[in-house]
Each structure stands twice: as structure tokens, then as C-alpha cells.
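> Let me begin by handing over the structure; questions about it come next.
Protein chains: 2
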Amino acid sequence: MVWVKVVFAIALCGVLFTANGLVTADQGDCELPPKLAEEIAQYQPIVDSIFQHIVSGEYAGKTWQSLLEFTDRFGPRLTGTKQLEDAIDYAVQEMIEEGLDNVHTEEAIVSHWQRGREWAVLVEPFQKNLPMLGLGKSVGTPPDGITAEVIAVESFEEFETFTADQVKGKIVVFAPAWTGYGATGRYRYESASIAAKKGAAAVLLRSMTPFSIGTPHTGTLRYDPDVHRIPAAAITVEDAMLLLRKFRRGDKMVIQLNMDAINLEPTVSRNTIGELEGHTFKNTSVVVVSGHMDSWDVGTGASDDAGGVFVSWKAITFLKAMGLRPRRTIRAIYWTAEEQYLEGASVYEREHAEDEKEEFNVFFESDSGTFEPTGLDFSGNRAAQCIFAEVAKLMTGYDDFTFTEGSVSSDIGNWVSRGFPGVSLRNRNENYFWYHHTEGDTIELEDPVALDKITALWAATAYVIADLSVDIPKNVIDYSYV
Amino acid sequence: MVWVKVVFAIALCGVLFTANGLVTADQGDCELPPKLAEEIAQYQPIVDSIFQHIVSGEYAGKTWQSLLEFTDRFGPRLTGTKQLEDAIDYAVQEMIEEGLDNVHTEEAIVSHWQRGREWAVLVEPFQKNLPMLGLGKSVGTPPDGITAEVIAVESFEEFETFTADQVKGKIVVFAPAWTGYGATGRYRYESASIAAKKGAAAVLLRSMTPFSIGTPHTGTLRYDPDVHRIPAAAITVEDAMLLLRKFRRGDKMVIQLNMDAINLEPTVSRNTIGELEGHTFKNTSVVVVSGHMDSWDVGTGASDDAGGVFVSWKAITFLKAMGLRPRRTIRAIYWTAEEQYLEGASVYEREHAEDEKEEFNVFFESDSGTFEPTGLDFSGNRAAQCIFAEVAKLMTGYDDFTFTEGSVSSDIGNWVSRGFPGVSLRNRNENYFWYHHTEGDTIELEDPVALDKITALWAATAYVIADLSVDIPKNVIDYSYV
Chain A
1 MVWVKVVFAI
11 ALCGVLFTAN
21 GLVTADQGDC
31 ELPPKLAEEI
41 AQYQPIVDSI
51 FQHIVSGEYA
61 GKTWQSLLEF
71 TDRFGPRLTG
81 TKQLEDAIDY
91 AVQEMIEEGL
101 DNVHTEEAIV
111 SHWQRGREWA
121 VLVEPFQKNL
131 PMLGLGKSVG
141 TPPDGITAEV
151 IAVESFEEFE
161 TFTADQVKGK
171 IVVFAPAWTG
181 YGATGRYRYE
191 SASIAAKKGA
201 AAVLLRSMTP
211 FSIGTPHTGT
221 LRYDPDVHRI
231 PAAAITVEDA
241 MLLLRKFRRG
251 DKMVIQLNMD
261 AINLEPTVSR
271 NTIGELEGHT
281 FKNTSVVVVS
291 GHMDSWDVGT
301 GASDDAGGVF
311 VSWKAITFLK
321 AMGLRPRRTI
331 RAIYWTAEEQ
341 YLEGASVYER
351 EHAEDEKEEF
361 NVFFESDSGT
371 FEPTGLDFSG
381 NRAAQCIFAE
391 VAKLMTGYDD
401 FTFTEGSVSS
411 DIGNWVSRGF
421 PGVSLRNRNE
431 NYFWYHHTEG
441 DTIELEDPVA
451 LDKITALWAA
461 TAYVIADLSV
471 DIPKNVIDYS
481 YV
Chain B
1001 MVWVKVVFAI
1011 ALCGVLFTAN
1021 GLVTADQGDC
1031 ELPPKLAEEI
1041 AQYQPIVDSI
1051 FQHIVSGEYA
1061 GKTWQSLLEF
1071 TDRFGPRLTG
1081 TKQLEDAIDY
1091 AVQEMIEEGL
1101 DNVHTEEAIV
1111 SHWQRGREWA
1121 VLVEPFQKNL
1131 PMLGLGKSVG
1141 TPPDGITAEV
1151 IAVESFEEFE
1161 TFTADQVKGK
1171 IVVFAPAWTG
1181 YGATGRYRYE
1191 SASIAAKKGA
1201 AAVLLRSMTP
1211 FSIGTPHTGT
1221 LRYDPDVHRI
1231 PAAAITVEDA
1241 MLLLRKFRRG
1251 DKMVIQLNMD
1261 AINLEPTVSR
1271 NTIGELEGHT
1281 FKNTSVVVVS
1291 GHMDSWDVGT
1301 GASDDAGGVF
1311 VSWKAITFLK
1321 AMGLRPRRTI
1331 RAIYWTAEEQ
1341 YLEGASVYER
1351 EHAEDEKEEF
1361 NVFFESDSGT
1371 FEPTGLDFSG
1381 NRAAQCIFAE
1391 VAKLMTGYDD
1401 FTFTEGSVSS
1411 DIGNWVSRGF
1421 PGVSLRNRNE
1431 NYFWYHHTEG
1441 DTIELEDPVA
1451 LDKITALWAA
1461 TAYVIADLSV
1471 DIPKNVIDYS
1481 YV
């Protein structure tokens, strides 16, 4: 490991520091030690072979086929359900049959929320069903439901203009304009608590999406520990805007909301692990490729995130089948309970953090759709980015992939925060949030050719990184040299 | 009227008969009597003025604004509901206030179906909610629902391969590929009866749409009089395909279906009428502009068909406000119970058919969306098409409108079958069936500028036709001269 540090002390001399402090891989402003650049270039035939086998050879179409069989067989995989655990058992069994190494699961205590039957109806001034999905972790209503007058606002700022007297006992509709998942997502997390503080009876939230065909989008909320927990559900964009307009016109509206939702005692689920064991390093400097196994209980979670699971899984399956075993272990992890605040990944991190500096090298995760790939986003320090950029050159001949510094998060966010390099798939996911957490997240979103390309990109990049003579530098090491 | 006949006996001499027997207006193969062509050309300044006032002048945006207020105020307008009748009362009141002529309603006995609460769940081999909408006129299930094994087929032909023994007591899923509303629509109408003949317990139908985000599409079915009536509902494309794939793999599936749907006694609704009365002919040679007032009980029926109602309504409102009163009456009719097999239009036809030859001239209807307009489809005999083509020339300067022979149907289909010329809006409705009969049929589909253009096109075309010195020839008259 000392050797690695020296190499990068040298490498860093050639790194240009751009205005925002980041070096992007496609700016060509890195100067790697020539021997390392030469070493990386020598992987071109292997990368070509990986792409050939997966995209047009004997593995073509197999990622999609496996994903189809899986989602058809287990359906949606909500944390706490038998079908999630059945899916995990199946993955273990299949990976063993494929001859992958160290196949096992690691337990995690996870939330256990059940939706139950639910509905919402506008009963005054006219009758209209309001298609809805209760938010994850929401409490239910009393058995006879809640029938209450409506207050509708566009923002938390607008809600502040209402007094507790005005809000008490009302159903509050939050209809924030979509400005992206990060910014608008606050409303899903916080609306119930903010409304409860003023005595609201329940919350209905405009679904988090830029486009709708009367489709509600679920997702989890967060209750502040010190507030009364009130039921909260997502309604369609169309209905939220209707209710907002009517409220602003002064129309008195009454909604009946019925939700059987219940939070049961936490239960046991499992992170699922299979490896392509390294021939030199087994349990140190591991390259993790990952996606999450759980989904919401709508659609079949094909895109969120069975796709991420299968490109990670099949990447090591196909590498193994090709007889390619790198120096370092490539570990596929299928996280559980991602949709419940990354509960599976958090347990994994806690249990592996002690050895973190030695155990891990780079974390890959795909959890933003597996549409047509356009490249990879890489997060890491400047030295790491320079190596990554050089590795990326091996891949740029395929489909005009680009490789840039970008944010990675979700289940690997914890590790990135700890200074580990992270890699996320970039793909044509402009419409991802049309389907996200809806009944429309199904195999129909997945394309066999796109999945082949992603699996190839995943396999080739992970292989080269796992086989290099050097580790990808972490911040914890690297910063001491800057 | 004799004069008119003579004119067209002459006009027809110049008509070319194309291979399919149709003359399309944009082929330029008509030779109208020069005086008639000259007369039509003289309307150009009036047409320009109508477009100017509606598209960029004082009426710009008003069609959309009225449509918004209407759909926000009354919501969905299912036949048999108070909100449909309230919407009719409102239209009458508003039209009176606008000073339109002969504002009144004409009663029609109509079907009265209520959806009630409904749900479907796949309970084996895994648990999954199946978003659904019962089909109009469907009977409900027993109070405890129907829990039964599943048979899934793609077509009636495939269903024929199953014996009554195999079908008895099962829930049959029909998952026909979308090949257009006409071809695929058969399944919505006929599946329940076809499955019932073999003893099925219920039918679930793939929704009629080329695109889905987990969205079910309702619509009416037809029960054969001699079969046992079984419940029928539409499920999403995604779920239908999932069930079909699983069935074909041999997976045993069980679905629980609960529908409170009920067919009540027929009730009274009303066709709604307002006129811009002709200064020369009041009750003869009327030009009808129309759309339908009722909708399904999902979304707010903005596109199907409040849009059609409002472009028809506002066309005469704005003509009147501009002081333009044509020779013949332009009658706006907002049909009731279109979604229940054109019940309102059928009653209207029966009650007006006796005088039909004298009473009516041309029927306009907009019921295929009110997206960006691209022109008009015209249905009529060759002589009628030649006049229409000449009138259309007045409009072609706007937005590259084109005017072609096309099919018109829905509420005016009966009159077209009787030999009357018909006009339908052509518009960029490529995505119309994404939203059709769903919770997504709302004001979000409607664009103020597009609506202005349609209202202008509707007003200008109807005005010129209503003001010409000649009637548009009907087949009943015209065929005697061919």
C-alpha cells in the first residue's frame, strides 16, 4: 500500500486543479505516470472481448432474460414481504449454481410497513375518486377513514401563512411544482410532520414526477420524532393541481381518506452477496458492484432496482464464464431495504466499517434506471479521477460513452462519504421519474440491448479496476499528499 | 332547393372520380361553377377577421379559460350523476347570459351505471395489487368478491382453444396487443360475453392504449342478451402482459376481484342546445357544431369531450359577439350519454329525423381530442366535397391546415349514415389514447393556443357554410344526379 501512495504522490504533480476544484475525466488534464497509462492501455483487447461477448456474443440478451424471469417470478419486493425473501433465496441459489464465489447473505434488521387497502375520494363539492398510494412508513387512518375539509398549498412557505386554527382537523394537500427529485423530494419526506405540527388530520401530496397519466407515485416519508403521526399519501399531479386551483378559488372541498397502512415490528432481511474472487487479493481492496433487491409494492421494481441488481450480478457471472479472474475480488452486493432509508446498506457499512480501509477499493452502484447507457459518473479525489479517466478511454469506443465526475449516492453514498471512490451508471433516464415508484415500473422499461451494453460496461470497468497493479486512491490516503 | 340541385348537377361534371371513388379536397380536381368559387373567395376577409379575433384578439385564451372553469367546477360527468346534470344546467345558464338563441335542453332516457368501490389483487403465486377500472355497464361481483384461478389469452382465437371445462369458474384475462382503437376495441365490447359463454366467472382486459404508466382505461362493454352477465374490468397493460406471460409459463395464478358496480334504472338526461340563429333560415338547413357533455367518471373528461363542447360553444359565442350572423342557423349541441353508446344522440336523431331533409345541412363534431389542430376531415358526396374544398382554401393560410376526406363518426355518425355531410376536427392526437378514459384526461392535456385555433377554425368554417347561397348537397339529393 505504501507503494501506491508514492505513485500517486507523483501522479498528483500532473493534475490540474480546475476552478471548481474538480478534474473531469474528459478534459484530458491528467498526467499519469507513463507506465501506469501503458499498463491500462494493455487492457484494450480484454475490454473488447468483454464487450463482444456480452453485447453481440453468447451472452447477448441474457441480462434482460434473467431480469424478466426474476420480475415475473417474484413481482414487487417490498421490504418485509415473503416475496422479497424468496427473491433473495433465489438469487443465492442461482449464484451458487453459476459457480460464483462466497455466495451468502448478511442479515439486517429492517422496517416492516404494510400498505393494506386504501382509497381517497373527493366527496364535496363533487364526487371524484382520487387515485392514491400511501407513503411508506405512513400510519393508517381509523377504520372508518378520515373525512375532512381540505386546505391546499403549493409550498411550505405558503403553508406557513395558515394558522394552527385554520389547519386543525383538515386534510392538507401539498402540490409543489416538480423541480427535480432532490428539491421536490423534501415534500414527500417532510409534509406529514410539518402539517401535523399545526394539527392537520392527514396529508395528500402531489406525486413526485414531471409527467403523469393519472399515476400516483409512492415513496417513503419521515416522521419527526416529536410530532403526532398522521396518515400521508401521494395523489396524482392532475388531482393535486385540481384541488389547489379549487382551494384558491375558495371552493369548499371535503375528502374521505381510508388507509389500512400499518407499521409492524422490524423484521429480518438480508443483503445478498456473490463474488468473483480475486486471484491475488481476496478480502482486501474489493471492488463492489451493486444494486438493490427490494422495491416498492407497485409495478415489479424492474427499473428500481432489479436492473441494477442484474447488471451487477451478470457482470461477474459473464466475467467468470469468460475465464477472467482479476487480481482483486469483484463483489456483487444486492442491498435490501434501500427504499426504507438504505437500511440494508447501513447495516452492511456498520459491520464492515472497521476494516474499511483495507477491505474496499471502489464502489459501483446502478440505481437511476438501466435505460440506454451513456457512460459512467465517477466520484473520487483527483488522483483517482485521473486513473479512472485513463480506464475510461478503453470504453469510449463503444456508443460514445462519456465518463465524467458526477455525484453518486443511494446505497453507496455512505462509502463515498468515507472517502471511497464511487461509480454510478449514467443512462438515458430522462423519463425515469415518469415511472419511479409507480405501477409502471415494470419490465416494459427494460431493453435487452441497453442492458447488454450496461452489463458490458460494468463488467469491463470493474474488471480493469480490479486487476490493475495499483489501487484506486481513496481520499483518506490521498489527502495526506495534496 | 331545386336551384341547388341544378348547380350541383353541373358541378359534378367537373369532378374526377379517383380510384377509390373519393375526391380529396387537396387534390384540386374539382371544378365548381365559377360564380360559387367567386362567392366563396369573398369570405376571405371575414375568415381572417374571425381568426384574428379568436387567435390573437380579444377572445384569445378564452376557450381554454372557460374549459378550465367548467372542468374544475363539475369534475367528471358520468351519465346518471348529479354533476353531469349540474354541468348541463350551467351551460344553459351561461349560454342564456351570453345571449345565444333558443337555448334549451331536450330530454333523453339514458343508462345509469354506478362504479362503486372496486379492486383486484393477484393473491397467488405472489401478492400484487392490480390497478383496475370496471367497464361501463359491467355488473358487480358478489359482496365478498370473486376469488378464482386465472386463464390468460392474447386473442379470441386463442380463447377458442380452451374448453368450457377449462374456463368454468375462472377469471379470464384478455391481453390483446394494441392495434388501434377500432380493432382492439372489440375486446372491450365483447370479451365478457365471449368468456361467459364458457362459464367464466369474470373478465379482466388489457387496457386499450399504446402506452401506459400503470394506468387502467375504462369504457363500456356490451353484453349479449342471451348470456349470463359476468363482471369485467380493465387492468393495466403491464399487469395484463405479466399475467399472460406467467400463464403461458404454466404458473398457477389466483386473483381476487371485488366490484360494487351496479346498473340502476335508466334515468333522464338532456342534450343541450344553443344557437346562433340564421337571419334567413332558422329551422331549415341548420349547421350543427357539437361535442359531448358526458364523460367517464375518471379524470375530468377535459379531452373527452369537454374540449369538443367548448370549441363548439365558443365558436357561436364569438361569432355572435363579432356581430356575424349567417343566413342559416348554427346550432351548438352538447350530446349527453355519448359514452353509453351515443344514447343522447340517438334520441335526438329519432326526434328530429322526420324533418331531417329540411332541418339539417352539415354536422360538425369534435370528439377525438382538441390538441394542436391540423385541419378538418370532411365526409360527404363528391359535390359536397368540392364545395368544402373551396371553403377550406380560405383557411389554409393558417398553420398549414389541410382538409381531406376522412371518416367522421361518434355522435354524428347516424346523420352521416343518413347521407348528411359531416366534419370532424383533425388534430395532433397521436397520444390521445394514452389518456383516453383514464384519470389522466384532465385540463393538463389542453393548450390555450391550440384551443383558440380550433375554435377559430370551427367558427370560420361553420360560418361560411352557414352563410353560403347554396346548401351543401346531401347524398339523398345528390345521388339522383350522378
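One line per chain: the protein sequences are A and B, in this order.
One point on numbering: in our numbering, the residue at position 293 of the first sequence is 293, and numbering is uninterrupted.
When you read off a place in the second sequence, starting at 1, and then add 1000, the result is the number in our numbering.
Note that the Cβ used here is the ideal one computed from N, Cα and C, for glycine as well.
With H, G and I counted as helix, E and B as strand and the rest as coil, what does DSSP make of A/K246?
The residue you call residue 246 of chain A lines up with position 246 of the first sequence. In the structure shown, A/K246 sits in a helix (DSSP, three-state: H, G or I).
> Based on DSSP bridge pairs, tell me the residues matched to B/R1426.
Along the second sequence, one-based indexing puts residue 1426 of chain B at 426. According to DSSP, which records beta bridges pairwise, B/R1426 is partnered with B/G1375.
> What's the gap between the Cα of A/M132 and the Cα of A/A202?
The residue given as residue 132 of chain A occupies position 132 in the first sequence. The residue given as residue 202 of chain A occupies position 202 in the first sequence. Taking the straight line from one Cα to the other gives about 13 Å.
> Any beta carbon of chain B sitting closer than 8 Å to that of A/Y435?
Here the question's residue 435 of chain A lines up with position 435 in the first sequence. With 8 Å as the cut-off, A/Y435 counts as an interface residue toward chain B.
> Please check if any C-beta of chain A sits within less than 8 Å of the C-beta of B/R1328.
Numbered from its first residue, the second sequence carries residue 1328 of chain B at position 328. No, B/R1328 lies away from the interface with chain A (no Cβ there is under 8 Å from its Cβ).
> In terms of residues, what are the limits of the alpha helix (DSSP H) holding B/H1352?
Taking the first residue of the second sequence as position 1, residue 1352 of chain B is located at position 352. Segment 1343 to 1352, the alpha helix (DSSP H) holding B/H1352.
> The region 1190 to 1212 of chain B: which residues have C-beta closer than 7 Å to a C-beta of chain A, in chain order?
Listed by position, the residues of the region 1190 to 1212 of chain B near chain A (Cβ gap below 7 Å) are S1212.
> Chain B beta carbons: is any one of them nearer than 8 Å to that of A/A75?
Translated into the one-based positions of the first sequence, residue 75 of chain A becomes position 75. The amino acid occupying residue 75 of chain A in the given sequence is Gly; Ala does not appear at that position. Yes, A/G75 counts as interfacial toward chain B.
> I'd like the list of long-range same chain contacts for A/F174, defined as Cβ closer than 7 Å, with 5 residues on each side in sequence excluded.
By one-based count along the first sequence, residue 174 of chain A stands at place 174. Cβ neighbours of A/F174 beyond the five flanking positions: V153, Y187, S191, V203, L205, R206.
> What did DSSP end up calling A/E154 once you bin it into helix, strand or coil?
On the first sequence, residue 154 of chain A is found 154 positions in, with the first residue counted as 1. Of the three classes helix, strand and coil, the one that applies to A/E154 here is coil, per DSSP.
> With DSSP as the reference, label B/W1335 as helix, strand or coil.
Taking the first residue of the second sequence as position 1, residue 1335 of chain B is located at position 335. Correct three-state label for B/W1335: strand.
> Which term fits B/A1384, buried or exposed, when burial requires 16 or more other beta carbons within 10 angstroms of its beta carbon?
In the second sequence, residue 1384 of chain B corresponds to position 384, counting from 1. Under this definition B/A1384 is a buried residue.
> If you draw a straight line from the alpha carbon of A/E144 to that of A/L130, how long is it in whole angstroms?
In the first sequence, residue 144 of chain A corresponds to position 144, counting from 1. In the first sequence, residue 130 of chain A corresponds to position 130, counting from 1. According to the sequence provided, residue 144 of chain A is Asp. The question's Glu does not apply to it. Going from the Cα of A/D144 to the Cα of A/L130 covers about 17 Å.
> Determine whether the Cβ of B/Q1484 lies closer than 8 Å to any Cβ atom of chain A.
The requested residue 1484 of chain B does not occur in the structure, where chain B is confined to residues 1001 to 1482.
> Where does the unbroken beta strand (DSSP E) through B/F1174 begin, and where does it stop?
The residue given as residue 1174 of chain B occupies position 174 in the second sequence. Run containing B/F1174: 1171 to 1174, per the beta strand (DSSP E) assignment.
> Whose Cβ in chain B lies nearer than 9 Å to the Cβ of A/E444?
On the first sequence, position 444 is the one that residue 444 of chain A refers to. Within 9 Å Cβ-Cβ: S1212, V1237, E1238, M1241.
> Using Cβ-Cβ distances below 9 Å, what residues of the region 1080 to 1111 of chain B are close to chain A?
For the region 1080 to 1111 of chain B, which is checked against every Cβ of chain A, the residues closer than 9 Å are T1081, K1082, Q1083, D1086.
> For A/I96, is the classification buried or exposed, using 16 other Cβ atoms within 10 angstroms of its Cβ as the cut-off for buried?
One-based indexing of the first sequence puts residue 96 of chain A at position 96. Result: exposed.
> 8 Å is my cut-off, CB to CB: does B/T1220 come that close to chain A?
Counting from one through the second sequence, the residue named residue 1220 of chain B turns up at place 220. Taking Cβ atoms only, chain A never reaches closer than 8 Å to B/T1220, which makes this a no.
> Residues in the same chain with beta-carbon distance under 7 Å from B/K1246, minus the five sequence neighbours each way, listed in chain order, please.
Taking the second sequence and counting its residues from 1, one reaches residue 1246 of chain B at position 246. So the list reads M1253, once near-sequence residues are dropped.
> Using 8 Å for Cβ pairs, my map puts B/V1464 next to B/V1391. What's the rounded Cβ distance?
Counting from one through the second sequence, the residue named residue 1464 of chain B turns up at place 464. Counting from one through the second sequence, the residue named residue 1391 of chain B turns up at place 391. Right, their Cβ atoms sit about 5 Å apart.
> Beta-carbon separation of A/A459 and A/V55 under 8 Å?
Taking the first sequence and counting its residues from 1, the one referred to as residue 459 of chain A is at position 459. Taking the first sequence and counting its residues from 1, the one referred to as residue 55 of chain A is at position 55. For A/A459 and A/V55, no; Cβs fall outside 8 Å.
> May I ask you to list the residues that DSSP assigns as paired with A/F364?
Taking the first sequence and counting its residues from 1, one reaches residue 364 of chain A at position 364. In DSSP, A/F364 forms a bridge with A/V289, A/V423.
> May I ask you to list the residues that DSSP assigns as paired with B/E1405?
Indexing the second sequence from 1 puts residue 1405 of chain B at position 405. Bridge partners of B/E1405: B/F1378.
> Tell me whether A/I465 sits in a helix, a strand or coil according to DSSP, three-state version.
Start at 1 with the first residue of the first sequence, and residue 465 of chain A comes out as number 465. Correct three-state label for A/I465: helix.
> Could one say the Cβ of A/W119 lies closer than 8 Å to chain B's Cβ atoms, at least one of them?
Taking the first sequence and counting its residues from 1, the one referred to as residue 119 of chain A is at position 119. Yes, because at least one Cβ of chain B sits closer than 8 Å to the Cβ of A/W119.
> I need the boundaries of the alpha helix (DSSP H) containing B/L1036, first residue and last residue.
Position 36 of the second sequence holds residue 1036 of chain B. B/L1036 -> alpha helix (DSSP H) spans 1034 to 1041.
> So, is A/Q483 buried or exposed, given that buried needs 16 or more other C-beta atoms within 10 angstroms?
Because chain A in this structure spans residues 1 to 482, residue 483 of chain A falls outside the shown range and cannot be described.
> By the three-class DSSP mapping on this structure, what secondary structure does B/T1220 have?
To locate residue 1220 of chain B, count along the second sequence from 1; it is residue 220. Here B/T1220 sits in strand by DSSP.
> Do A/Y348 and A/A91 count as a contact pair if the criterion is CB distance below 8 Å?
Here residue 91 of chain A refers to the residue found at position 91 of the first sequence. Here residue 348 of chain A refers to the residue found at position 348 of the first sequence. In this structure, A/Y348 does not lie closer than 8 Å to A/A91 by Cβ.
> What does the Cβ neighbour count give for A/S407, buried or exposed, with the cut at 16 atoms within 10 Å?
Working through the first sequence from its first residue, we reach residue 407 of chain A at position 407. Exposed, by the Cβ-count rule.
> Can you pull the chain B residues whose beta carbon is under 8 Å from the beta carbon of A/K246, in chain order?
Walking along the first sequence from the start, residue 246 of chain A turns up at place 246. Result: D1072.
> Could you give the C-beta distance for A/E359 and A/T284, rounded to a whole number, given that I count them as a contact under 8 Å?
Mapped onto the first sequence, residue 359 of chain A falls at position 359. Mapped onto the first sequence, residue 284 of chain A falls at position 284. Yes, A/E359 and A/T284 are in contact; Cβ-Cβ is about 6 Å, under 8 Å.
> For B/A1025, decide whether its Cβ has a neighbour in chain A, counting only Cβ atoms nearer than 8 Å.
Position 25 of the second sequence, counting from 1, holds the residue named residue 1025 of chain B. Confidence is the limiting factor: at B/A1025 the pLDDT is only 42, short of 50, which leaves the residue's position unreliable, though a coordinate-based value still follows. Chain A contact via Cβ: absent.
> Quick one: is B/T1438 near chain A, going by C-beta distance under 8 Å?
Along the second sequence, read from residue 1 onward, the residue named residue 1438 of chain B stands at position 438. It does: the Cβ of B/T1438 has a partner Cβ on chain A nearer than 8 Å.
> Quick test of your reading: B/N1414 and B/N1475, contact by CB under 8 Å. State the CB separation rounded to the nearest angstrom.
Along the second sequence, read from residue 1 onward, the residue named residue 1414 of chain B stands at position 414. Along the second sequence, read from residue 1 onward, the residue named residue 1475 of chain B stands at position 475. About 14 Å separates the two Cβ atoms, so there is no contact after all.
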